[in-house]
Amino acid sequence: MTGDRVSVVICAYTMARWQLLVEAVESVRQQTCPTDECIVVVDHSGELLDRAKNELGPDVRVIANESTRGLSGARNIGVAAASGDVVAFLDDDAAAEPAWLERLTVHYADRSVIGVGGLVVPEWATGRPWWFPAEFGWVVGCSYTGLPVTTAQVRNPIGANMSFRREPVLMVGGFATSVGRLGADGLGCEETELSIRLARRFPGMRILHEPAAVVHHHVPADRARWTYFRRRCWAEGISKAEVSRLAGPRLALATERTYALRTVPRGAANDLAAALRVRAPRRMARAAVSLAGLTLTATGYLTRRVRTRAVPPTTTTGKS
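Structure below.
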């Protein structure tokens, strides 16, 4: 225990995930290190708001996002409402392992740590597609090959499993509402942009990846399809272009350069080598998917950069 108060924030937007939301909240209740408060922020859904207030229980604080619609706006409402020194974020379709919060918060005993994220394990509703490369776990909001396998400093955590010191997040203006997911549109990178601003404002402070802090992320059948993979890769490129516009390409793409130049080519090469060695056409197909995903992401990025290169960078935050 660090002595810091901890708030858990879960953002939700649709009745379609009701049972998953219930399971997410229950996983917070089962933590070995009890949270000081659990806040559910409902993003512009009156029906979900009413049901959450009536059924989630008295130990859960349910509030409405009446600010900018979308995940970034909802997270900003949660941060503003939280009373904890540390705010941990859990997706509404994810469930935390019992030691999750303990594994995250133990690092805040080090005052140089400003954020900690953890491992996100996919729980495929229909099984992982045979063609899906492990390097592309981020497509479904999960951890991927290339992330550290031991505790290490990183640029940013994964949004489904992350935590930050609350006060610094408020000081930099919260999550930028010009990036981040709106419903199921596939955009993202709001945690990347925030992490870059935190690093600039608080040099010397660190964000850690703690793989022992584990959450399980539900992946529905419609996200196990090539059409979703293709759309999500394109959207990731667009999101990275927006982060580059706000933060500059050097920081926005620092991690991605290693990923694009080493991690994906290495994975594709391994699949190709195995396919040629044992005549495994599925490994060859997976290598092709890896290269296609990288190409789609890069094309989305370049397309958006060309369209917005004349637009001056401005950061829209969710301050209220």
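Note that UniProt numbering has the sequence shown beginning at 1, numbered continuously upward.
The beta-carbon is built from N, C-alpha and C at its ideal position, and this holds for glycine as well.
| Asked | Found |
| --- | --- |
| Taking 8 Å as the cut-off, is the CB of residue 282 close to at least one heavy atom of the ligand SAH? | For the structure depicted, the ligand SAH is absent and the ligand set is empty, with no information on it obtainable. |
| DSSP state of residue 287, grouped into three classes? | helix |
| Taking 6 Å as the limit between beta carbons, can you name the residues of its chain near residue 311, skipping five residues before and five after? | Because residue 311 sits at a pLDDT of 49, beneath the cut-off of 50, its placement in the model cannot be relied upon, and the following sentence gives the value as read from the coordinates. Answer for residue 311: no residue qualifies. |
| State buried or exposed for residue 7, treating a residue as buried only when at least 16 other CB atoms are found within 10 Å of its CB. | buried |
| Consult DSSP for residue 155 and reduce its assignment to one of helix, strand or coil. | coil |
| Just to confirm my understanding: we take residue 137, look at its own chain, exclude 5 residues before and 5 after, and list those with CB closer than 8 Å. What are they? | 120, 122, 143, 144, 145 |
| Starting from the C-beta of residue 18, find all residues in its chain whose C-beta is less than 6 Å away, skip the five residues before and the five after it, and write them out in chain order. | none |
| Do residue 91 and residue 161 count as a contact pair if the criterion is CB distance below 9 Å? | yes |
| When DSSP labels each residue in this structure, what does residue 244 get in the three-state scheme? | helix |
| Verify whether the separation of the beta carbon atoms of residue 205 and residue 77 is less than 9 Å. | no |
| Please give me, in chain order, every unbroken run of the alpha helix (DSSP H) with length at least 4 that falls completely inside the region 4-36. | 18-29 |
| If you draw a straight line from the alpha carbon of residue 165 to that of residue 85, how long is it in whole angstroms? | 6 Å |
| By alpha-carbon positions, which one of 153, 209, 132, 285 ends up nearest to residue 219? | 132 |
| Measuring CB to CB, does residue 211 end up less than 9 Å from residue 73? | no |
| Please report how far the alpha carbon of residue 147 lies from the alpha carbon of residue 213, in whole angstroms. | 14 Å |
| Is residue 25 closer than 9 Å to residue 56 when the C-beta atoms are compared? | yes |
| Does DSSP put residue 233 in a helix, in a strand, or in coil? | helix |
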